[in-house]
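Colleague: Please see the structure below; I have some questions.
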Amino acid sequence: MKPPKQPQPPESNQELEFEEELLLLERSLVDLKERYTQVQRDRISKAEYEKRRQELNQNKHYTPEMKAELKHIKQQLEVLEVSLESQLFSWKSVKKPFWQIIRFGGLGVIIGWILKSYVG
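Take my numbering: the last position of the sequence shown gets the number 1393, and nothing is skipped along the way.
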């Protein structure tokens, strides 16, 4: 039989919270590193595609293969642009600060109304 569970002291709860936050921070850091690596790869790919497009555009006589390649390059550049526009930015990374702003901003407005009612 297990002994009854003893209530944990507050220090233990704080340690658990700290460990949870630390794990969350480590996961966020890994996600950030992965996204940064992806952005770097996308920038390199974009530069290579743009260089190839310039090479093809310098030629005055387009063959059907060159036109197809230009079309493919244009599509790939559009995909990379979308990927790079969202670089290192997501709702997940903004969610916590957003709600803190809403919470404390709203609290500030309420305190302002209370102070205004006392003053005037």
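All C-beta atoms in this analysis are idealised placements derived from N, C-alpha and C, irrespective of residue type, glycine included.
The alpha helix (DSSP H) with LYS1347 in it runs from where to where?
Modeller: To locate residue 1347, count along the sequence shown from 1; it is residue 74. Per DSSP, LYS1347 belongs to the alpha helix (DSSP H) from 1337-1358.
Colleague: State the Cα-Cα distance for the pair ILE1374 and GLY1381, rounded to the nearest angstrom.
Modeller: Here residue 1374 is taken as the residue at index 101 of the sequence shown, counted from 1. Here residue 1381 is taken as the residue at index 108 of the sequence shown, counted from 1. Rounded to the nearest angstrom, the two C-alpha atoms are 10 Å apart.
Colleague: In angstroms, rounded to a whole number, what distance separates the CA positions of ARG1314 and GLN1349?
Modeller: Against the sequence shown, residue 1314 aligns to sequence position 41. Against the sequence shown, residue 1349 aligns to sequence position 76. Cα to Cα, the separation comes out at about 13 Å.
Colleague: Does ASN1286 come out as helix, strand or coil in the three-state DSSP assignment?
Modeller: Sequence index remark: in the sequence shown, residue 1286 carries index 13 (1-based). In the structure shown, ASN1286 adopts helical secondary structure according to DSSP, grouped into three states.
Colleague: State the Cα-Cα distance for the pair ILE1346 and LEU1302, rounded to the nearest angstrom.
Modeller: In the sequence shown, the residue the question calls residue 1346 occupies position 73. In the sequence shown, the residue the question calls residue 1302 occupies position 29. Cα to Cα, the separation comes out at about 33 Å.
Colleague: Among residues of its own chain, excluding the 5 on either side of GLU1293, which ones have a beta-carbon nearer than 7 Å to its beta-carbon?
Modeller: As a position in the sequence shown, residue 1293 is number 20, starting the count at 1. Here the set comprises nothing.
Colleague: Helix, strand or coil: which one does DSSP assign to ASN1332?
Modeller: On the sequence shown, residue 1332 is found 59 positions in, with the first residue counted as 1. Coil.
Colleague: Can you determine whether any heavy atom of the ligand NAP sits closer than 7 Å to the C-beta of GLN1287, and answer yes or no?
Modeller: The model on display carries no ligand, and the ligand NAP is accordingly not part of it.
Colleague: Rounded to whole angstroms, what is the Cα-Cα separation between ASP1304 and PRO1370?
Modeller: Taking the first residue of the sequence shown as 1, we reach residue 1304 at position 31. Taking the first residue of the sequence shown as 1, we reach residue 1370 at position 97. C-alpha separation (whole angstroms): 18 Å.
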